[in-house]
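See below for the structure under consideration.
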Amino acid sequence: QSSSDADTIELTITQNAIAGGKNAAAADHIAKWVIPKFEAAQKAKGKDVKVKFVPSGVDDEQYKTKLALDLKSKKGADVIDIDGIWAGEFAEAGYIKPLSEVAGAETDSWEGWSQIPEAVQGLTTYNDKKYALPIGTDGRVLYFNKTLFQKAGLPADWQPKSWQEVIDAGNKLKTAGVPTPIQINAGTAMGEATSMQGVLPLLAGAGGEIFKDGKWSGASQPLKDALGLYQQIYGGSGLGDPKLQQEAKGRDKSFAEFADGKIGILMEGDYFWRGVVNPTDGVAKMADRDQVVGFAMIPAIQPGKGIRGQDFVSMSGGALRTINPNSKHPKEAFELAAFTLSPEALKEETKQNVRITPRTDVNKEILTGDPLLMFISEKVLPLTAYRPPLAVYPQVSAALQEATAQVVSGKAPDQAAADYQAKLEGLVGGAGNVAS
Amino acid sequence: MTRHIVGRIGFYTLIALLMAFFTVPLLWLAAAPFTSDPTYEVSLPDFTFTNFQAILEHPYALGSLYNSLLLAVGTAVLVVLLAALAAYALSRVRMPGRDALLYALLLLSSIITGTAAMVPLFQLAVELNLIDSQLGLILILTGGLLPAAIFMLKDFMDSTPKSYEESARVFGASPLQIVGHVVVPLVRPGLATIGVWAIANVWGNFLMPYLLLSDIEKQPGAVIMFTLYTEGGQANLPLLSTFGLLYSVPVVLMYLFVSKKYGFRFHGGIKR
Amino acid sequence: MAQATSHPKARYSADAAGLGTPRAAAFIAPAMALIAVFLVFPALWVIYLGLTNYRLTGLAAAEPQFVGLDNFVKAVSDEGFWNSAWLTVQFVLGSAVIGQVVLGFTIAWLLRDRQGPLKRVVEGLVILAWILPGAVVSFLWIALLDRDGGTLNALLGIPGFAWLLDHPMLSIIIFNTWRGTAFSMMLYGAALGNVPPSHLESARLAGASGWQQLRDVVFPHIRGHILTNLLLISLWTFNDFTPFLLTAGGPDHKSEVLAVHVYNVALRGGELGFGAAVSTIILLINLVVAVFYLRLLRRKS
Amino acid sequence: MAAIELKGLTKVYPGGVKALDSLDLEIPDGEFFALLGPSGCGKTTLLRTIAGLETATGGAIVIGDRDVTGVQPGARDVAMVFQDYALFPHMDVTDNIAYPLRIKKVAKAARAEKAREVGERLGLAHLMDRRPGQLSGGQQQRVALARVMATQAQAFLFDEPLSNLDARLRLEARTFLKKLQRELGVTTVFVTHDQAEALAMADRMAVMENGLIRQIGTPAEVFQRPANTFVASFIGSTPMNLLDGQVRGERLEVAGCKLPVPSSVEGRLSEGEQIVYGVRPEYMTYSAEPVEGAFGGRVSIMENLGAAHLVTLEVNDTLVQVVVPEGSEPPLGAEGFAVPKDGRALVYRDGNVV
Amino acid sequence: MAAIELKGLTKVYPGGVKALDSLDLEIPDGEFFALLGPSGCGKTTLLRTIAGLETATGGAIVIGDRDVTGVQPGARDVAMVFQDYALFPHMDVTDNIAYPLRIKKVAKAARAEKAREVGERLGLAHLMDRRPGQLSGGQQQRVALARVMATQAQAFLFDEPLSNLDARLRLEARTFLKKLQRELGVTTVFVTHDQAEALAMADRMAVMENGLIRQIGTPAEVFQRPANTFVASFIGSTPMNLLDGQVRGERLEVAGCKLPVPSSVEGRLSEGEQIVYGVRPEYMTYSAEPVEGAFGGRVSIMENLGAAHLVTLEVNDTLVQVVVPEGSEPPLGAEGFAVPKDGRALVYRDGNVV
Ligand SMILES: Nc1ncnc2c1ncn2[C@@H]1O[C@H](COP(=O)(O)OP(=O)(O)OP(=O)(O)O)[C@@H](O)[C@H]1O
Ligand SMILES: Nc1ncnc2c1ncn2[C@@H]1O[C@H](COP(=O)(O)OP(=O)(O)OP(=O)(O)O)[C@@H](O)[C@H]1O
Ligand SMILES: [Mg+2]
Ligand SMILES: [Mg+2]
């Protein structure tokens, strides 16, 4: 502090992003666009604000650990990005506070709220209070390889209406010699990817909600159905590659294999489209992505049997941008956070890498060029579901992953479900909080 | 005679197998950085230097190596210095319970290198205002390595004859002179070995630097290495392999230097 | 003058360098101070944390409760803990006690009276595996053991063999053997230098085979070294976290050794109190192992 | 240069071993004094206690006219050569020799000059740049001596300095060392377990056993008249004959032979008393013809001593040894007689000379 | 029991050191043969090559009538005692002695019985349960001997087995060992660097230098007539006087003194020739009165040899040593004369005896 003038306001902002590494584009956007623009805008208002970006580039668990340690010691950046599902546990621990408490009532009157769909706002809410601004959202679909489909005699505009149709397609692919017809994430090695791109969408498709009306879903029929599908795919039918589920780097591998034309159907989020098979800068580039990669909504087990009686389901998540309760300049910090979510900022940010922003006004403009994102925002988001922002969720999720792992390695779905329920009761404080 | 020949053939076969065992895993590191689009497969590289160029342009890569060097050398110097003094005193002066103390510390040091210690260490650093300070990190790392270093060095010192010191002593040398003129030169290979051991230990440490340093400009190579993954957690193989190579070279050079200059070996075991 | 006059106690000390207890204490003090602050204090703190329900986040982070031995009870009644404990035993026995010791000794023995480039190259390679950073080395092994493009499968002509999945423990045991052999090799190299050649030769003259020479001459001689070595590498292997980088404890916890278990519990699961309790249990196991080794060492004489 | 005086010096090691048992000893200024004794008798301990490397448990050490009992080793003004020489392996010969001067803060140039000078004197001039590892045993020994000489100490303490040398070199080093000491005139305490060395070199010597001094005297005194059977059996390059006997009237019956009572003890023995009869092989003459008052037996072993032979006679199952000069060696198995020279046979009662 | 024959035996170490240089040697069955030489001359190498612990670079080794050059050490039927005895510290005496039998798969009871028997013979009966660390040096040496005896080998190889003993014990062990060998009658090769030991014990001996044998003969032959100056300077418990001289007519001028030409070389020297005059101190007589044909000088050092003194005369700046019997020691600084005994002085030309 001594190095700067007394009235200079210093702000820091942190993300799990770093130039030259993980999420480099996001890091560059903050450092090269947001900060100078924001400082200029503040200067115009007569405020001398200096913003510093604190990069990071590690696993989410490690990032979370570091944030928790920082916040616990009343340290850390002023503006902090967190994953949506951490909101609950951070709030319970007192690491983050409702925005209005931290930065004043004007946070409720931020112009952006009006542009953000209700469901996405829900991500930021815990105990009916808004703890953060949403940064974006996403959705899950079934990707498929049109070339392989053609070989197997399947249509290029494939849209299965039930799980059975997916299995049927898989069988045809298998007959056509596709090494791995269907790949749905399972097992513990993939961590949260197993939940989001695997068991949770399936659970929803079978009509189950992981947390509903204050109770956690136990060894319910929907769960058994979901695990049953895993068994159908990985239990010796040859539809899926059970090994891939167990490898520490299995998800990378599944990406590479899909890009290589070895996987027929893959359940993934829009990140797969944007960041993996992206012909320009994906990690497993597919030059002919737009021609070869098809996508379809995830069907319910049977039409109308999904949650809320839907025919199709999906899961969404999203990151949040929150204000450190210990910030010396919470108001300016909020301004900075809000600035990053202004239409100009979002448009600038998505210029290179388009993604679904929280704002409908922006989405309308930027998504037009991208068929998948359009598809998601128009068809998927309206019927998607979110994970409960509760502190115990990560452990429940881990238990779910465990259950899928057991099925993949040969346990009966009913047994795995029962084991899961037993574990769940231990996690959420007794059988009273579990519905089966 | 034939038995002799069979023995020789056996010996060289065994040595060849051992060398293969220790070399094969390293091949990838030798090939991938020079390949334009490396995979997990070891293939003959096309000898491109674009990967190196990319690393050189990386905003943190080279700086992080410098930080690694700072942390590793700083810790090693501190470990060697403090451990040598302590091991020497423990080796030469009878102190009741010194062995029990050493074993206890050795055991405690194992808990401190575990994950569960991160909260106490973090909060300790906060309290002592050592957060985001490389010095603080050096002190913490030193604390973890000291017991084993003292343990190993004491073995080393125990096996060094005392007559050199006594001889210097009769000539009137003070204890500090004795340590400086006689003991340190005599145990130099041991000090060098412990130094390299400490460097290698610090060089690979990821979690502590990551948690205790917040300024990316201060982070060592281990942390930067982990940033070379994408949002979804995929390894950026060209960068990772190239950085891995650059990140390995300093330790290897350090080892070669030390082993050439001071010798690299262990002495002794527990004396009976 | 035959009567011995009584003298003031000697004003100097009797150790080789004339350090004396005060100066010796001064030599030890800096190390001990650092150890006290940065090792003993946090270690005791960890042990204390093990008695609470402390978590990284959530309500228990704000107000941790003292729960006594609940964590310990929970740990020992947890299947996962016993699974990890058993895997750790395999890991330590396999990679440290058998792998590193046997391989380290074998190399030291083969090279015992050789000089020149062969010795330097072999030793250099082994030491290289030891000093390379864990992050790099684990990556190399992932590449080596990769199912499809991995060098090992290519060499053995078994493409598609999933080492890390079908034999996760074997993989990390071999990996850790590869990584840690250098220490044992160096220690045994020094130890073998202390075995009097005449003892070996008198066994040879009696007609003893190679194995008989080892059994009757070498091992009895280097007992102390073997035990020091075992003690250190057992401790280190017990707490070794590197397998995580290779298998992340998977598949299906099949390679979740205790150090990885603690990582998963404390860092991924956020259950710090529980993790600390498991760490304390590891400490206790280490204590037992150390006492066992020391007993072995003391027995005799 | 100073006398050394030990008064009631006692050293008990922490384990409880009494290595020195209330020793009194005076070594005059300039004397070459040898300490002789079997392994473990406390020779090294005595030397180290004088040097100050061990603290005395009781008693006093006076060097010159200064009581140094409580003084730091470095301040006692003595210099010591260790059995393994303790040359610093990381320093070259010059630096090794100059080390004591470095401690005394002598300027670098002056040190080197002095080292050169001393080295030259000891014939090390061409070796000054080598490290100890590159020197032969004899050369190392001379470097150790040079280092001690460079100190200009009041007294030199040598702990078996010759025992690491070749037999041949050892003989030469004896003469060399003795000559050197004479020239320097520094009081020297020399520890050895080789009696020939002690005899050859010392002005006076002490024979120790179990922390006690069993005899002090000139080499000739100790050789000719060992004060007790311990010293008798310890001194001599051929083992002294020590034979059980009994007083029988005017004669002694030893190994079944009747021998005259040595004139020195005449009248001091009582009839029937058990004694030990001691006579050195060198102090007997051999005769192939029967002789009165001699040991008679069969020649069972013959050992070449160079210019003489050591003949072992089996006298009624007892072995008696006698030195036979060159040219008169009896054949093995022959009958022979060993006649004690007059005045050279000793009689021991309860282990002590009568 | 077997003879040992070495034919053109050569050993070159990997580093290029030629430790044995085409040696020929025959040791008859039952002989006690001593190998003597300075450090590094190849004694140990020779012994180890016979044992098979080093592979010969060239030549052949025949034991009995078997060529064992390429045979494993364990199959050569020889037994060896090492300088440090190489007793296994973790086995008790019985197990140590029985070890070779254990390797030969003799049953446990039979082994123990044999060990007891051999141990008893060597006076170890009461020590059979101790470990080597609990034994004195002499006891350890006997255990090592017992272990060798238990093998019933064809030949014994001893590498300086006495050099770790106290001087005193060494003397006793000599006699003991010699007696034992005579009784067992096993061909024995005994390495030592102590000439007195070799002289005293050997039936025949070889003196080595730099991998070559410089002289072979009985101890008396080697002592009295060293074949070259190397052997001359190496043998003898007092160093032989080897003095540069010149033939001057009927006389030799040595150290400025005129001496008669020894009768053995009469007529074989040419006028003005440079020679080395060799005479042992034992082979001169000392006289305080001037004598013709003797060394005359001043007494500068005197060393006690026990029953005699070694007097060093400074003869025109050359040191000449002479042994003086007890009782006739001259005072230091006195003028004295050393008269070579007839027939004992030798003349060396180009290092070899004339
Ligand atoms: N540091 C020590 N601690 C305990 N006892 C010791 C120590 N040093 C020597 N002793 C004991 O003191 C006694 C005298 O030992 P010292 O070394 O003085 O004998 P020495 O006459 O020099 O023998 P040597 O000829 O073998 O060198 C021995 O019994 C020895 O075991
Ligand atoms: N293993 C070896 N490698 C190379 N050179 C050796 C080896 N062993 C001995 N030498 C060399 O061979 C020569 C003869 O050595 P050897 O040990 O036979 O001598 P020695 O006569 O036994 O000497 P000492 O009396 O010192 O025991 C020496 O020059 C020695 O340096
Ligand atoms: Mg001693
Ligand atoms: Mg030798």
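Chains as they are written, first to last, in this note's numbering: chain W, 1 to 436; chain C, 1001 to 1272; chain Z, 2001 to 2301; chain G, 3001 to 3354; chain P, 4001 to 4354.
Where is the CB? At the ideal position from N, CA and C, for every residue including glycine.
- The Cβ-Cβ distance between G/V3299 and G/G3333 falls below 8 Å.
- C/M1095 sits exposed, since fewer than 16 C-beta atoms from the chains shown fall within 10 Å of its C-beta.
- A contact is defined here as three or more CB-CB pairs under 8 Å, and the segment 1148–1167 of chain C fails this definition with respect to the segment 1122–1139 of chain C.
- Comparing alpha carbon positions, the residue from G/L3169, G/K3179, G/E3005 closest to P/F4234 is G/L3169.
- P/A4345: not part of any alpha helix (DSSP H); DSSP gives it neither H nor E.
- Distance from the Cα of W/P371 is smallest, within the candidate group W/E92, W/V51, W/Y420, W/F295, for W/F295.
- In this structure, G/K3043 has its CB closer than 7 Å to one or more heavy atoms of ligand 3.
- With a cutoff of 7 Å, P/D4159 counts as near ligand 4, since its C-beta is closer than that to a heavy atom of the ligand.
- Checking the 7 Å criterion, the Cβ of P/G4267 is out of range of every heavy atom belonging to ligand 2.
- Relative to the non-hydrogen atoms of ligand 1, the Cβ of G/H3309 never comes closer than 7 Å to any of them.
- Restricting attention to G/L3053, G/E3005, G/E3209, the CA atom closest to the CA of Z/L2019 is found in G/L3053.
- Looking at the backbone, the Cα of Z/R2120 and that of Z/L2111 are separated by about 10 Å.
- Rounded to whole angstroms, the gap between the alpha carbons of W/K253 and C/F1226 is 18 Å.
- If you look at W/Q121, you'll find it in the alpha helix (DSSP H) that goes 118–122.
- With respect to the C-alpha of G/M3128, the residue from G/A3109, G/V3261, G/P3073, G/V3093 having the closest C-alpha is G/V3093.
- Membership of C/S1174 in any beta strand (DSSP E) is not indicated, and neither H nor E is assigned to it by DSSP.
- Apart from sequence neighbours up to five positions away, the residues of its chain that approach W/S377 with a beta-carbon distance below 6 Å are I356, N363, L367, ordered along the chain.
- Here the segment 2269–2284 of chain Z lies against the segment 1105–1115 of chain C, with 3 or more beta-carbon pairs under 8 Å apart.
- For P/F4223, there is no enclosing beta strand (DSSP E); the residue is found in the alpha helix (DSSP H) stretching over 4219–4224.
- For the pair Z/A2061 and W/K72, the CB atoms are nearer than the 8 Å cut-off.
- A distance below 6 Å between beta-carbons, with the five flanking residues on each side excluded, links W/L266 to the following residues of its chain, in chain order: Y143, Q183, F258.
- Spanning the alpha carbons of P/P4073 and Z/R2298 requires a straight line of approximately 36 Å.
- Between Z/Y2293 and Z/L2230, the CB-CB gap stays under 8 Å.
- The segment 85–97 of chain W makes contact with the segment 2046–2065 of chain Z: 3 or more CB pairs, one atom from each, lie closer than 8 Å.
- Take Z/G2273, set aside five residues on each side of it, and the residues of its chain with a beta-carbon closer than 8 Å to its own are L2049, G2050, L2051, T2052, N2053, Y2054, R2055, A2060, P2064, V2067, N2071, in chain order.
- The nearest non-hydrogen atom of ligand 2 is less than 7 Å from the C-beta of P/V4017.
- Residue contact check for Z/N2071 against chain C: no CB pair falls below 8 Å.
- Using a Cβ distance threshold of 8 Å, P/R4142 and P/L4122 count as a contacting pair.
- Contact annotation: in the segment 1156–1185 of chain C, residues whose CB is within less than 8 Å of a CB in chain G are P1161, S1163, Y1164, E1166, S1167, A1168, R1169, V1170, F1171, G1172, A1173, S1174, Q1177, H1181, V1182, P1185.
- Look at P/Y4085: its beta carbon is at least 7 Å from all of the heavy atoms in ligand 2.
- In this structure, P/V4339 lies away from P/M4302, with their beta-carbon atoms at least 8 Å apart.
- Buried is the label assigned to P/K4043, since at least 16 other Cβ atoms lie within 10 Å of its Cβ.
- Distances from the CB of P/G4037 to the heavy atoms of ligand 2 include at least one below 7 Å.
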